[in-house]
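Add 1075 to a position in the sequence shown, counting from 1, and you land on the number used in our numbering. Note sheet for the following structure.
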Amino acid sequence: DLVRYCSDKCQQDHLPEHEQTCKKRAAELRDKILFQQPKSTHQGDCPICLLPLPHDLSKITLKSCCCKLICKGCVHANYLREEEEGIESTCPFCRRPVPKTAAESKLNRTKRIEKNDPAAMREEGARCCAEKDYAGALELWTKASELGDADAHYQLSVMHCFDRSTVRDVKKELYHMEEAAIRGHQIARHNLGCHEGRNGRIERAMKHFIIAANLGDDLSMKKIKDGYVEGDVSKEDFAAVLRAHQASVDATKSSQREEAE
């Protein structure tokens, strides 16, 4: 599969002969990684109840003390316990006191950033972006992406798409979108499907939508339904995706989470 050269000069001399073959093989290897079905979304499981985190971000909270994503069901259960026992409000995961001011929360995130916590970098980057400090957001998200954070990759893809860094860079936009999708980011995966569809690569688009729908993404599930109607998705694949999508959604449900709503 690989061409081995005896020296740098040998590589330069034979580059025209092998360049196209190497590019084709590199694209094949990239696709093999890109189109693998992730085992879960980039958010993973709640560290307390160990159930997959909900796809609805409003049902998840990030604690600045430990920068863990926790489902609202566990947050609510912890609140009820504290109310019943009449004790101080603490983080459901690390049991540190809940910060009382925004300044305390920022200090907690700063401490986590100093420890190279990508979740803290991602959150602080989002706050920088909201304040139009795009340079600060770019720096933080770049560091978080280098540590493998899927959402940081996604945010960088959005930043490059909307020209919030320097000059719009489509190559970087797609690279970060792919890296986020590989790590289980459903929205990034859906966006890749839309990108392929706009460029007439329907088969590749449907592959992306199938992967995202299997992870529980509703928008991609709708695209699969449209693809089935248009004849771009087989009956067998459509039935399999329907089952996988419903299983993914059901896996995020629990009586504790329903009680918190």
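The beta carbon of each residue, even a glycine, is placed where N, CA and C say it ideally should be.
Grab me the residues of residue i's own chain with a C-beta within less than 6 Å of its C-beta, minus the 5 sequence neighbours each way, in chain order.
| i | result |
| --- | --- |
| Lys1147 | Lys1134 and Ala1335 |
| Tyr1080 | Gln1086 |
| Ile1286 | Gln1112 and Arg1264 |
| Arg1197 | Ala1219, Asp1224, Asp1226 and Ala1227 |
| Lys1247 | His1235 |
| Gln1331 | Gly1148 and Ala1152 |
Whose C-alpha, out of the options, is nearest the C-alpha of residue i?
| i | options | result |
| --- | --- | --- |
| Gln1111 | Phe1313, Ile1257 and Ala1101 | Ile1257 |
| Ala1255 | Thr1136, Gln1230 and Pro1167 | Gln1230 |
| Gln1321 | Ser1309, Ser1330, Lys1297 and Glu1333 | Lys1297 |
| Met1252 | Arg1171, Ser1232 and Glu1271 | Ser1232 |
| Lys1333 | Lys1310, Leu1267, His1151 and Glu1248 | The sequence shown places Glu at residue 1333, rather than the Lys named in the question. Considering only alpha carbons, the answer is His1151. |
| Lys1207 | Val1245, Lys1099, Met1234 and Thr1096 | Met1234 |
| Val1016 | Gln1331, Leu1104, Ile1299 and Glu1271 | As displayed, the chain neither begins before 1076 nor continues past 1336, which places residue 1016 out of reach and without an answer. |
Can you give the Cα-Cα distance for residue i and residue j, rounded to whole angstroms?
| i | j | result |
| --- | --- | --- |
| Gln1118 | Met1281 | 23 Å |
| Ile1108 | Phe1284 | 16 Å |
| Pro1129 | Gly1291 | 9 Å |
| Thr1327 | Asp1131 | 10 Å |
| Lys1083 | Gly1200 | Inspection of the sequence shows that residue 1083 is occupied by Asp rather than by Lys. Each residue's Cα considered, the two are about 41 Å apart. |
| His1379 | Ile1262 | The structure shown does not extend to residue 1379, since the chain is modelled only from 1076 to 1336, so the question has no answer here. |
| Leu1182 | Tyr1303 | 51 Å |
| Glu1189 | Thr1217 | 15 Å |
| His1093 | Ala1102 | 14 Å |
| Arg1273 | Ala1177 | 43 Å |
| Leu1137 | Glu1160 | 24 Å |
| Arg1243 | Leu1249 | 11 Å |
| Asp1312 | Arg1279 | 14 Å |
| Asp1106 | Gln1095 | 17 Å |
| Gly1275 | Thr1185 | 45 Å |
| Leu1104 | Val1245 | 21 Å |
| Lys1098 | Leu1267 | 21 Å |
| Arg1100 | Glu1271 | 20 Å |
| Tyr1209 | Ile1145 | 28 Å |
| Asn1191 | Ala1205 | 22 Å |
| Glu1305 | Arg1187 | 49 Å |
Flag this pair as yes or no: are the beta carbons of residue i and residue j separated by less than 8 Å?
| i | j | result |
| --- | --- | --- |
| Cys1169 | Cys1149 | no |
| Leu1222 | His1265 | no |
| Ile1277 | Asp1307 | yes |
| Cys1269 | Ala1194 | no |
| Cys1121 | Cys1140 | no |
| Ala1319 | Asn1289 | yes |
| Ser1180 | Pro1174 | yes |
For residue i, which residues of its own chain have a beta-carbon under 7 Å away from its beta-carbon, when the five flanking residues on both sides are left out?
| i | result |
| --- | --- |
| Cys1203 | Gly1211, Ala1212 and Leu1215 |
| Ser1363 | Since the displayed the chain opens at 1076 and closes at 1336, residue 1363 lies outside it and no answer follows. |
| Ser1323 | Asn1289, Leu1290 and Gly1291 |
| Ile1162 | none |
| Pro1091 | none |
| Ser1329 | Cys1124, Leu1126 and Gly1148 |
Please find out if some non-hydrogen atom of the ligand NAD comes closer than 7 Å to the beta-carbon of residue i.
| i | result |
| --- | --- |
| Trp1216 | The ligand content of the structure shown is nil, which means the ligand NAD is not present either. |
Take residue i and list the residues in its own chain whose beta-carbon comes closer than 8 Å to its own, dropping the five residues that flank it on each side.
| i | result |
| --- | --- |
| Ser1164 | Tyr1154, Glu1157, Pro1172 and Val1173 |
| Lys1310 | Tyr1303 |
Go through the segment 1204 to 1275 residue by residue and report every complete run of the alpha helix (DSSP H) that reaches 4 residues or more, in order.
-> 1209 to 1221, 1225 to 1236, 1245 to 1257 and 1261 to 1273
Complete runs of the alpha helix (DSSP H) confined to the segment 1079 to 1146 [at least 4 residues] = Correct list: 1083 to 1109.
Please go through the segment 1143 to 1207 and give each complete alpha helix (DSSP H) segment of 4 or more residues, from N-terminal end onward.
-> Taking only runs of at least 4 residues, the alpha helix (DSSP H) segments lying wholly in the segment 1143 to 1207 are 1147 to 1160, 1177 to 1189 and 1193 to 1205.
Residue ranges of each alpha helix (DSSP H) run of no fewer than 4 residues wholly in the segment 1303 to 1330, ordered along the chain?
-> 1310 to 1326
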